[in-house]
Amino acid sequence: MTDIRTVLVANRGEIAVRIVRACKDLGVRAVVAHSTADRDSMAVRTADDAVCVGPGPAARSYLNMPALLYACARTGADAVHPGYGFLSENAVFARACAEAGVKFIGPTADLISLMGDKIAARAAMLKAGVPVLPGSDGPLASLREATEVADRIGYPVVIKAAAGGGGRGIAIVRDPADLPGAFRATTATARTLFHDERVYLEKFVADARHIEVQVLADSHGTVVHLGERDCSVQRKQQKLVEESPSPFLDDAGRASLCAAAVAGARAIGYESAGTFEFLVDPTGTPYFIEMNTRLQVEHPVTEERTGVDIVQWMIRVAAGERLPFTQADITPTGCSIEARINAEDPTNDWAGSAGRLDRLVLPGGPGVRVDTHAHSGCVVPPYYDSLLAKLIVTAPTRELALRRLERALGEFSCTGVTTTVDFHRELVRDERFRTGDYRLDLVDVMAREVAI
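Going letter by letter, the sequence shown gives residues 60 to 511 in this note's numbering.
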């Protein structure tokens, strides 16, 4: 690790704490960039140094590129770890770091640009032989072209922003009469949110599962996968629970999916950690939808099953190290499930909850891991993502993992802000979830049943 001596952690919350811990395990100095709202955060308290980069709103702090680069110069940081969200998939920031002589811990700016453009990513995967959804060959030039493509592949279809992500810039169209409005609305959303009005169209897969594959690659040609994660428990394209292995895939389907991800990574010359996301239809046929060129929120699920410290290896790969293992050395074992504990109120349309945590009691015991920045007395600010903690359970079998998850949720106690713990307690008792027989609409179906 002689090539990287000081890492600026350009993020907040639990992932900032996670990166600080990885740095300390490596003997690397960790500096946390923080907003005024996070000056007393756990990440700041545990880091070797900290520097304020602006006030609470993210646009003036965690998204403030000049302030972050100045923080590197001021603290002597020779590398930046962006975590997830914020600037983690921003090619401009990655390029600015390189120009400033600071190592961006992640893929190159060119790779971020390529895979961040959903149309270009789709074309690259087609060329690599990775299965993609039937759809338009490029950006839609007009409503007329959108209509022609939709008529050719058949309804329902989905219109997506080329620069979209995080579930934004997506419209599902089931009826041809709704296509004009959806086309105009998605184009406007793309222009407003992403400053890129290009949209494209794909076939919508009903009753699908959302399954992703974690890959890890170095700069010496080694590319491995670390197994898959089933992320099908979602609300409005936002993940709530992730598990590995997928209870839906058989061994042949799992091998095919993972092989496709490795082929895609090799084809583009990928380096660092990354995730290939697929929709899998009821027959088990997978379709590539996007690649996240960053660390995923749900990475602990994979770490628990493989024993590979993904955050640490991102840093080591950025320092030029070779991965010391091949695909044959990686054997995921057991079952891991992650529940995202958000500061949200599911009974009030999932409204965010901010304020002081009066009391926080975290679960423990065999097979239980909690990644969090929260503690009794801390303040949950209103400016950021609502993720409060990640509860990860691991066991030799899915049945035991579910029992451990139920036990851990029962031990989890939080007062002062409203959380999603009660939702997860209800979910883990749902027969469809317990049997693994669920699809992307599970949370919506549960909500309708409660309303009735």
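Heads up, the beta-carbon is just placed ideally off N, CA and C, and yes, glycines get one too.
Query, Result
"If you count every other CB in all the chains shown that lies within 10 Å of the CB of Q273, and 16 or more means buried, which is it?", "buried"
"Would you call the stretch 260 to 274 in contact with the stretch 207 to 222, where contact means no fewer than 3 C-beta pairs closer than 8 Å?", "yes"
"Determine the direct distance from the alpha carbon of R227 to that of S201, and round the result to whole angstroms.", "21 Å"
"Give the range of the alpha helix (DSSP H) segment to which C82 is assigned.", "72 to 85"
"Do you know how far the Cα of T477 is from the Cα of L416?", "10 Å"
"Once the 5 residues before and after V300 are set aside, which same chain residues still bring their CB inside 6 Å of it?", "V292, A398"
"How big is the Cα-Cα spacing for P341 and I327?", "29 Å"
"For A454, which option in E485, A467, A324 has the closest C-alpha, if you only look at C-alpha atoms?", "A467"
"In the DSSP assignment, find the beta strand (DSSP E) that holds L338 and state where it starts and stops.", "331 to 339"
"Which residues does DSSP list as the beta-bridge partners of E261?", "G194, V217"
"On the three-state DSSP scale, how would you describe Y346?", "strand"
"With respect to the alpha helix (DSSP H) encompassing C156, which residues constitute its N-terminal and C-terminal limits?", "150 to 158"
"Can you tell me which residues form a DSSP beta bridge with A230?", "I218"
"If you drop the 5 nearest sequence neighbours on each side, which residues of the same chain put their C-beta closer than 6 Å to that of R154?", "A168"
"Taking Cβ positions, are L446 and V439 nearer each other than 8 Å?", "no"
"Among the residues of its own chain, which have a CB less than 6 Å from the CB of A410, if the five just before and after it don't count?", "D404"
"Go to S395, then tell me how far its beta strand (DSSP E) extends in each direction, as first and last residue.", "394 to 401"
"Counting C-beta neighbours from all protein chains within 10 Å, is the total for T188 16 or more, i.e. buried, or is it exposed?", "Sequence check: residue 188 is Gly here, not Thr. So G188 ends up on the exposed side."
"Bridge partners of S303, per DSSP?", "S395"
"Specify whether the stretch 272 to 289 and the stretch 311 to 318 touch according to this definition: at least 3 beta carbon pairs, one from each stretch, less than 8 Å apart.", "yes"
"Let me check you understand the geometry: is the CB of K83 closer than 7 Å to at least one non-hydrogen atom of the ligand SAM?", "In terms of ligand content, the structure shown is empty, and the ligand SAM therefore cannot be addressed."
"Find the nearest neighbour of T392 within the set V360, S120, E485, judged by alpha-carbon distance.", "V360"
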